[in-house]
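FYI, in the numbering used here the residues of the sequence shown are -9 to 209.
Note that CB positions come from ideal geometry on N, CA and C, so glycine has one too.
Source: prediction; values computed, not measured.
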Amino acid sequence: MSTFAGAVEALLLMATEPIPAADLAEAVDVPVAEVEECLAGLAAFYDETGRGFELRRVGTGWRYYTREEHADVIGRWLLEGQRGTLSQAALETLAVVAYLQPISRGRVSAVRGVNVDGVMRTLATRDLIEEVGRDEETGARLFATTGYFLERMGLTSLDQLPALAPHLPDASALEAELAGLAGHGTDEPLPMGHNPVADPGEPPADGVPEAAGVGEDLP
-9 MSTFAGAVEA LLLMATEPIP AADLAEAVDV PVAEVEECLA GLAAFYDETG
41 RGFELRRVGT GWRYYTREEH ADVIGRWLLE GQRGTLSQAA LETLAVVAYL
91 QPISRGRVSA VRGVNVDGVM RTLATRDLIE EVGRDEETGA RLFATTGYFL
141 ERMGLTSLDQ LPALAPHLPD ASALEAELAG LAGHGTDEPL PMGHNPVADP
191 GEPPADGVPE AAGVGEDLP
């Protein structure tokens, strides 16, 4: 296996959509032909060793997927998740999306002051948020809450949301952060001088049920 295979695997694990071999080659500073050979080798290795996931070419890119034979196990595990609770970080992220939707993942990260990629994936898996389009200027993916979110919250429309969500950052702090975002056209998190909300490593907030979802992709 090539010496840069580990870096390629790491990049693929972080991917939220298929990555073209050319992009991977640029990232690891290796010719595209060598990266293509590496990808084919990794895919064969996962097949030969019976891993629970596979590396699949999708269109012009590559991405990890869980294997079809494990769909039942994954489905049961995800359905059982509705008995769990959302972490404080997930609650805060969900509140930001609910009040500022449609909103890009980068802007959510900027408001919270931390990376929210994993939390956003969790909320999407639980069918609490969904992609609703792309920003016309930047092309960044935009997210909003779902009908299931309203159902779980006991609401009939977003107009019934209270003036300030209990898990949203302090109003003045939020306004200050949003003012700093004016004119920022990117889906990447902005550097923050401070964090207006708690760190995502906080213990779960009890009593708030998660919604069930179905997913197959890794990560």
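- Of the residues 57, 13, 102, the one whose Cα lies closest to the Cα of residue -2 is 13.
- Secondary structure at residue 20: coil, using DSSP grouped into helix, strand and coil.
- Boundaries of the beta strand (DSSP E) harbouring residue 133: 131 to 135, taken from the DSSP string.
- Judged by beta-carbon spacing, residue 146 lies beyond the 8 Å limit of residue 120, meaning their Cβ atoms are not closer than that value.
- For residue 89 and residue 95, the gap between their C-alpha atoms comes out near 14 Å.
- By the C-beta criterion, the region 45 to 53 is judged to be in contact with the region 16 to 34, since at least 3 inter-stretch pairs fall below 8 Å.
- Residue 82 carries a helical assignment under DSSP once its states are collapsed to helix, strand and coil.
- Where residue 115 is concerned, the enclosing alpha helix (DSSP H) starts and stops at 107 to 115.
- Counting along the chain, no beta strand (DSSP E) covers residue 95; the unbroken alpha helix (DSSP H) around it starts and ends at 95 to 102.
- Beta-bridge partners assigned by DSSP to residue 43: 56.
- Here the alpha carbon of residue 130 sits roughly 5 Å from the alpha carbon of residue 124.
- DSSP, read as helix, strand or coil, puts residue 49 in coil.
- If you ignore the 5 residues before and after residue 112, its C-beta comes within less than 7 Å of the C-beta of 80, all in its own chain and listed in chain order.
- In the DSSP annotation of this structure, the continuous segment of the alpha helix (DSSP H) that includes residue -1 starts and ends at -5 to 4.
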